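Peer 1:
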Amino acid sequence: MSMTKQSKKNIFITGVIFAACLFGYTVLMYWLFYQQAIHCATRELYFSDSKAYLETILGVECEYDFPYPIFFWLGRFFLLFTNVAVAASLAASLLNSLGVVILFYYMNKSLQAYYDKCVFREYAGFFTVVLTFSLFFVSMLYLPGGIRLPGITNGYLGVFTSNPYHNITYMATRTFAILAFFLYARILDYYEERTDLREFFLFGLSLLLTTMTKPSYTLVLVSTAGLVMLYRLFRNRWKNFKRAFYLGLAFVPTFIDLLYQFGGVFGEKSQAGESGGIGFGIGSVWKLYTNNIPLAIILALGFPLAVLLFHKKEVKQNTLYRFSWAQLIVSVMELFFLYENGRRFSDANFSWGYMHGIFFVFVTSLILLATDTMERRGKKWTLWVQWLLFGLHLVCGIGYFVYIWGGNPFHEF
Numbered sequence: 118m119s120m121t122k123q124s125k126k127n128i129f130i131t132g133v134i135f136a137a138c139l140f141g142y143t144v145l146m147y148w149l150f151y152q153q154a155i156h157c158a159t160r161e162l163y164f165s166d167s168k169a170y171l172e173t174i175l176g177v178e179c180e181y182d183f184p185y186p187i188f189f190w191l192g193r194f195f196l197l198f199t200n201v202a203v204a205a206s207l208a209a210s211l212l213n214s215l216g217v218v219i220l221f222y223y224m225n226k227s228l229q230a231y232y233d234k235c236v237f238r239e240y241a242g243f244f245t246v247v248l249t250f251s252l253f254f255v256s257m258l259y260l261p262g263g264i265r266l267p268g269i270t271n272g273y274l275g276v277f278t279s280n281p282y283h284n285i286t287y288m289a290t291r292t293f294a295i296l297a298f299f300l301y302a303r304i305l306d307y308y309e310e311r312t313d314l315r316e317f318f319l320f321g322l323s324l325l326l327t328t329m330t331k332p333s334y335t336l337v338l339v340s341t342a343g344l345v346m347l348y349r350l351f352r353n354r355w356k357n358f359k360r361a362f363y364l365g366l367a368f369v370p371t372f373i374d375l376l377y378q379f380g381g382v383f384g385e386k387s388q389a390g391e392s393g394g395i396g397f398g399i400g401s402v403w404k405l406y407t408n409n410i411p412l413a414i415i416l417a418l419g420f421p422l423a424v425l426l427f428h429k430k431e432v433k434q435n436t437l438y439r440f441s442w443a444q445l446i447v448s449v450m451e452l453f454f455l456y457e458n459g460r461r462f463s464d465a466n467f468s469w470g471y472m473h474g475i476f477f478v479f480v481t482s483l484i485l486l487a488t489d490t491m492e493r494r495g496k497k498w499t500l501w502v503q504w505l506l507f508g509l510h511l512v513c514g515i516g517y518f519v520y521i522w523g524g525n526p527f528h529e530f
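In this text, residue positions in the sequence shown follow this note's numbering: the first is 118, and each later residue adds one.
1) Pop quiz: His510 and Val255 are said to be a contact at Cβ under 8 Å. What is the actual Cβ separation, rounded to whole angstroms?
2) Could you tell me if Phe397 is buried or exposed, where buried requires 16 or more neighbouring beta carbons within 10 angstroms of its beta carbon?
3) When DSSP labels each residue in this structure, what does Tyr307 get in the three-state scheme?
4) What is the DSSP secondary structure of Tyr151, reduced to helix, strand or coil?
5) Exposed or buried, Glu178, counting other C-beta atoms within 10 Å across all chains shown (16 or more means buried)?
6) Which value, in whole angstroms, describes the spacing of the CA atoms of Val276 and Glu457?
7) Taking Cβ to Cβ, would you say Asn213 is nearer than 9 Å to Thr327?
8) Apart from the five residues on each side of it in sequence, which residues of its chain come closer than 7 Å, Cβ to Cβ, to Leu325?
9) Does the segment 471-489 come close enough to the segment 426-446 that 3 or more CB-CB pairs lie under 8 Å?
10) Using beta-carbon positions only, say whether Met257 and Tyr273 come within less than 9 Å of one another.
11) Out of curiosity, what's the CA-to-CA distance linking Phe140 and Leu215?
12) Where Ser206 and Leu149 are concerned, what is the direct C-alpha to C-alpha distance, given to the nearest angstrom?
13) Going by CA-CA distance only, name the one from Ile414, Asn225 and Ser463 that's closest to Leu405.
14) Taking three-plus beta-carbon pairs below 8 Å as touching, is the segment 407-427 in contact with the segment 501-520?
15) Distance check for Tyr517 and His528, CA to CA, integer angstroms please.
16) Would you mind sorting Tyr170 into buried or exposed? The rule is 16 or more other CB atoms within 10 Å of its CB.
17) Give the C-beta separation of Glu309 and Asn357 to the nearest angstrom, bearing in mind that I take them to be a contact with Cβ-Cβ under 8 Å.
18) Quick check on Phe221: buried or exposed, where buried means 16 or more other Cβ atoms within 10 Å of its Cβ?
19) Where does Gly176 sit, in a helix, a strand or coil, going by DSSP?
20) In angstroms, rounded to a whole number, what distance separates the CA positions of Ile395 and Leu344?
21) What number of angstroms, rounded off, separates the C-alpha of Val203 from the C-alpha of Leu196?
22) Report the residue from Tyr223, Phe299 and Phe188 whose alpha carbon sits nearest the alpha carbon of Leu211.
23) Between Ala367 and Gly321, how many whole angstroms is the CB-CB distance? I'm expecting something under 8 Å.
24) Please classify Phe194 as buried or exposed, where buried requires at least 16 neighbouring CB atoms within 10 angstroms.
25) Out of curiosity, what's the CA-to-CA distance linking Ala413 and Lys126?
26) Taking the alpha helix (DSSP H) that Ile395 belongs to, which residues open and close that run?
27) Identify every run of the alpha helix (DSSP H) within the segment 184-258, keeping only runs that are complete inside it and at least 4 residues long; order them along the chain.
28) Using DSSP with H/G/I as helix, E/B as strand and the rest coil, what is Leu455?
29) Assuming contact is defined by CB atoms lying nearer than 9 Å, are Ile410 and Met224 in contact in what I supplied?
30) Could you tell me the alpha carbon to alpha carbon distance between Phe253 and Thr278, rounded to whole angstroms?
31) Put Pro261 into one of helix, strand or coil per three-state DSSP.
32) Can you tell me the Cα-Cα spacing of Tyr377 and Pro186, whole angstroms?
33) In chain order, what residues of the same chain have a beta carbon less than 6 Å from the beta carbon of Arg354, not counting five sequence neighbours either side?
34) Identify whether Cys513 lies in helix, strand or coil by the three-state DSSP scheme.
35) Kindly indicate the opening and closing residues of the alpha helix (DSSP H) around Ala413.
36) Counting only the same chain and skipping the five closest in sequence on each side, list residues whose C-beta sits under 8 Å from that of Val246.
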C-alpha cells in the first residue's frame, strides 16, 4: 500500500474516531447540563449557576445581568421547539463541543508536521484525538479521600480548574476563545512586518464573539495583548506604530461591546446598582477560599510548571507558548488584585479569566510535550516526569468530573 493511500486511510480512521468520541462527549455533557438545569430550582443535586441562565432565556427578571447574549440567543432559538431546560442544555452542549472541534483542528495543525517522524506514526492522529479530549477533562490536583494540604480548604474553590463543569457560559465561550487565542498568537509573529486584513478580521470577529458569549477571557487576552503591543512599540521606538494601529482596529468592536456590558452590569439600572464597579485589593477575594495561594497555584498548574522547567528556551522561541504564559500571569494578577464591589464580591468572577489562563497554558504545554515525544527529543526521564504529572491532572480531572456528573456540589468538593 502506498504512503498516500496509507495516509488517506489513517486520516479517515482518525476522523471516524474523533466523530465517535465527539458524539459521546456531547451526549455526556448534554446530560450533565440538563441535570443541572432541571435541579437548579432546589439546588439539592447538580448545584450550578444555571438558574439565572434559564430565567434569562425565558425573559424572566433575575438577580443577575447578562449583557452578553450569544448563549442566550441560541437557547431562545431552541426554546421555540422544546422546554427551557432542554434548550439551555442544547445551546451549552453545542457551543462546548464546537470548542472541541476547533481545538482538535489546531492541535492537529501543530502536531501533524511530526507525524512521520514518530515511531507510532500510524496512530499519530489517534494520539492527537486523545490529547484533545483529555484537555477537556484535566483538573486541579488533589489528594484522595478529602485529605487537604496546608491552607487548602476546598479541592476546587481557591485552587480552580480549567474545566468548571458547573458554569455553562464558561464552557460555551471556549469555542470563540480558542479561535481568538490561536489567531492572535499567529498574528503576533508577523504583524510588525505585514498586515493580513483577512486574518485581522477573523481575529476581531472571534474576540467579539467570545466577548458576547462571556467576557471573562476577553479581559485576559485584551490586557495581555495591550501589554505585549506596548512593549513592542517602546522596544522599536514607535517605528511599528502603523502596523500596530492596523491590528488595534481589530479590537475596536470588542471595546465598544465591553463598554456596553460594563454599563449593563454596573450601571444605575443594573442589579448591581450604585454598589457596583471594580475594586482593588491584595488577594481580597482569593483569600476567601484558600489560606495558601502559592500552593493553590501549584496544584492548579503542576503540569505546565513542570513543562516550563524543561522548556525555558521555548519561552523565547515559541510565540504561542510564550503568549499562553503571559496570559496566565495577567490572569493571576487580575484575580489577585481585582474584584467586583457589592454583593458580587464573593462570586470571584475574575477567577473565570484565571481558569481560561490555566486552560491555554495546559494546551500549549501539552503541544510541546507531544512534539518532544514524537521527535524523541530530550531525556527520557524528563518526558516521563511531564507525562506523569499530566496523567495525574487527568486522573484527578476524571475523578472530579465523575463527582460532578453524579450530582455532587462543586463547592463541597
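For every residue, glycine included, the Cβ atom is placed at its ideal position computed from N, Cα and C. Nothing here was measured: the structure is a model prediction, and the numbers come from that model.
Peer 2: Put simply:
1) A Cβ-Cβ distance of about 4 Å is found for the pair His510 and Val255, placing them in contact under the 8 Å criterion.
2) Looking at its Cβ environment, which holds fewer than 16 other Cβ atoms inside 10 Å, Phe397 is exposed.
3) In the three-state reduction of the DSSP assignment, Tyr307 falls in the coil class, being assigned neither a helical nor a strand state.
4) Assignment of Tyr151 by DSSP, reduced to helix, strand and coil, places it in the helix class.
5) Classification for Glu178: exposed.
6) Going by the C-alpha atoms only, they are around 19 Å apart.
7) Cβ atoms of Asn213 and Thr327: not closer than 9 Å.
8) Here the set comprises Pro370, Thr371 and Asp374.
9) A contact exists between the segment 426-446 and the segment 471-489.
10) Yes.
11) Using only the alpha carbons, I get a separation of about 11 Å.
12) Going by the C-alpha atoms only, they are around 8 Å apart.
13) Across the set Ile414, Asn225 and Ser463, the C-alpha of Ser463 shows the shortest separation from the C-alpha of Leu405.
14) Judged by Cβ distances under 8 Å, the segment 407-427 makes contact with the segment 501-520, as three or more pairs qualify.
15) Going from the Cα of His528 to the Cα of Tyr517 covers about 12 Å.
16) Tyr170 sits buried, since 16 or more C-beta atoms from the chains shown fall within 10 Å of its C-beta.
17) That pair is a contact at about 5 Å.
18) Its Cβ being crowded by 16 or more others within 10 Å, Phe221 is buried.
19) Three-state DSSP puts Gly176 in coil, outside helix and strand.
20) Rounded to whole angstroms, the gap between the alpha carbons of Ile395 and Leu344 is 20 Å.
21) Taking the Cα positions, Val203 is about 8 Å away from Leu196.
22) Closest option to Leu211, judged by alpha-carbon separation, among Tyr223, Phe299 and Phe188: Phe188.
23) By a beta-carbon distance limit of 8 Å, Ala367 contacts Gly321. Their separation comes to about 3 Å.
24) Per the 10 Å Cβ criterion, exposed.
25) Near 45 Å, if we compare the C-alpha coordinates of Lys126 and Ala413.
26) No alpha helix (DSSP H) contains Ile395, which is instead part of the beta strand (DSSP E) from Ile395 to Phe397.
27) Counting whole runs of 4 or more residues, the segment 184-258 contains the alpha helix (DSSP H) stretches 187-196, 201-228 and 241-251.
28) Taken through DSSP and simplified to helix, strand or coil, Leu455 comes out as strand.
29) At the C-beta level, Ile410 and Met224 stay beyond 9 Å of one another.
30) When rounded, the distance between both Cα atoms is 10 Å.
31) Pro261 falls in the helix class under three-state DSSP.
32) A straight-line Cα-Cα distance of about 12 Å links Tyr377 and Pro186.
33) None.
34) Here Cys513 sits in helix by DSSP.
35) It spans Ile410 to Ala417 - the alpha helix (DSSP H) in which Ala413 sits, taken as one unbroken run.
36) The answer, listed in chain order, is Thr131, Ile134, Phe135, Cys138 and Phe221.
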